[in-house]
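The structure appears below as structure tokens.
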Ligand SMILES: NC(=O)c1ccc[n+]([C@@H]2O[C@H](COP(=O)([O-])OP(=O)(O)OC[C@H]3O[C@@H](n4cnc5c(N)ncnc54)[C@H](O)[C@@H]3O)[C@@H](O)[C@H]2O)c1
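Residue numbers (my numbering): 3 to 269.
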């Protein structure tokens, strides 16, 4: 049951692919909290069809947009403002993809055209999306923009490949654009650094199952679920967090502060 934390707010959720997607849970929670939203994903993801169910359930229109296309993004924001009846108050970027990781290529044998794609889809799209909103004046004062990230931006996780660099770039875009958005438009920009989560993107990482268990044991609170992540996103979209900006916020059950956990040594 909701608490009307987002009553009267309008938002756009990128990246709901299926009911395991973090964005799927965020979309559900936002609507439960009283928001009106549009959903978007790459045209190829829309063809898979699952998002239609979510759109119907939440009474949310689905607007296709490849997050690497300025044209698609412009159409998405213009159309969303039309449907929602004005500027938006919040946006979630929940997009990640690496062919090198998906094809389990060694980090020391990375294919550069694939790396370009990774950076374009997983990081530059965040800048692109914000620049588009900036130019169209598509977000209200005191609005909130969030991107999802992972601790491999700060620490080494060997099987995460060049997604590590793409997350470092994403977090940096949040800080740099956060300055401009804050100064000019009173809009906040943050990233949430989420625990490993069983989703299509997450499970594409080599050894994900074992690693999921490791992180769960290392974290005093255990891994944060996608539902808990959705709760955190709601608070970040609500008026209760208006002065939080340019931050990378760990949502990981304490994992990021641990050195060693004896639970991992127990046989
Ligand atoms: N699953 C994890 O363990 C984990 C942990 C920390 C952070 N994250 C981050 O959370 C976010 C969401 O991932 P998820 O785990 O829910 O997986 P997911 O596979 O459900 O979501 C990834 C989404 O990116 C979309 N996408 C890919 N290319 C696109 C493009 N060109 N244009 C628009 N959308 C495109 C996909 O269609 C998909 O909906 C990602 O940024 C991911 O890196 C995931």
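Even for Gly, the Cβ is constructed at its ideal location relative to N, Cα and C.
Spatially closest choice to residue i from the options, by CA coordinates
i, options, result
"residue 41", "134, 93, 198, 160", "93"
"residue 85", "71, 56, 140", "140"
"residue 172", "130, 66, 105", "130"
"residue 227", "244, 26, 158", "26"
"residue 67", "263, 193, 14, 110", "14"
"residue 313", "158, 170, 146, 207", "There is no way to answer for residue 313, as the model of the chain reaches only from 3 to 269."
"residue 80", "58, 134, 60", "134"
"residue 149", "191, 77, 74, 76", "191"
"residue 262", "217, 77, 225, 44", "217"
"residue 4", "75, 35, 17, 82", "35"
"residue 137", "76, 240, 11", "76"
"residue 16", "72, 182, 78, 105", "78"
"residue 106", "88, 160, 128, 19", "160"
"residue 74", "212, 44, 95", "44"
"residue 122", "168, 91, 182", "168"
"residue 127", "88, 72, 170", "72"
"residue 20", "202, 87, 264, 254", "202"
"residue 98", "91, 69, 157", "69"
"residue 22", "231, 90, 132, 156", "231"
"residue 215", "257, 170, 95, 182", "257"
"residue 156", "111, 183, 83, 195", "195"
Where residue i falls: helix, strand or coil (DSSP)
i, result
"residue 199", "coil"
"residue 66", "strand"
"residue 12", "strand"
"residue 263", "coil"
"residue 40", "strand"
"residue 157", "coil"
"residue 55", "helix"
"residue 191", "strand"
"residue 247", "coil"
"residue 151", "strand"
"residue 102", "helix"
"residue 180", "helix"
"residue 204", "helix"
"residue 1", "No answer is possible for residue 1: the residues shown for the chain start at 3 and end at 269."
"residue 274", "Lying before the first or after the last residue shown, residue 274 is absent from the chain, which here runs from 3 to 269."
"residue 258", "helix"
"residue 143", "strand"
Where residue i falls, given that 16 or more other Cβ within 10 Å makes a residue buried
i, result
"residue 205", "exposed"
"residue 55", "exposed"
"residue 223", "exposed"
"residue 198", "buried"
"residue 46", "exposed"
"residue 37", "buried"
"residue 108", "exposed"
"residue 200", "exposed"
"residue 209", "exposed"
"residue 51", "exposed"
"residue 259", "exposed"
"residue 152", "buried"
"residue 154", "buried"
"residue 9", "exposed"
"residue 103", "buried"
"residue 242", "exposed"
"residue 12", "buried"
"residue 62", "buried"
"residue 125", "buried"
"residue 158", "exposed"
"residue 225", "buried"
"residue 265", "exposed"
"residue 87", "exposed"
Ligand 3 heavy atom lying under 7 Å from the CB of residue i
i, result
"residue 43", "In the structure shown, ligand 3 is absent; the only ligands present are ligand 1."
State whether the segment 27-38 contacts the segment 229-237, with contact taken as three or more CB pairs (one from each stretch) at a distance under 8 Å. Contact between the segment 27-38 and the segment 229-237 is present: three or more C-beta pairs spanning the two stretches fall below 8 Å.
Quick check: the segment 112-123 against the segment 159-169, are there 3 or more CB pairs under 8 Å? Yes: the two stretches touch, three or more of their Cβ pairs being nearer than 8 Å.
Given 8 Å, three or more beta-carbon pairs between the segment 175-183 and the segment 248-263: Yes, the segment 175-183 is in contact with the segment 248-263.
Is the segment 140-159 in contact with the segment 179-188, if contact means three or more CB pairs nearer than 8 Å? Pairwise C-beta distances place the segment 140-159 in contact with the segment 179-188, as three or more of them are shorter than 8 Å.
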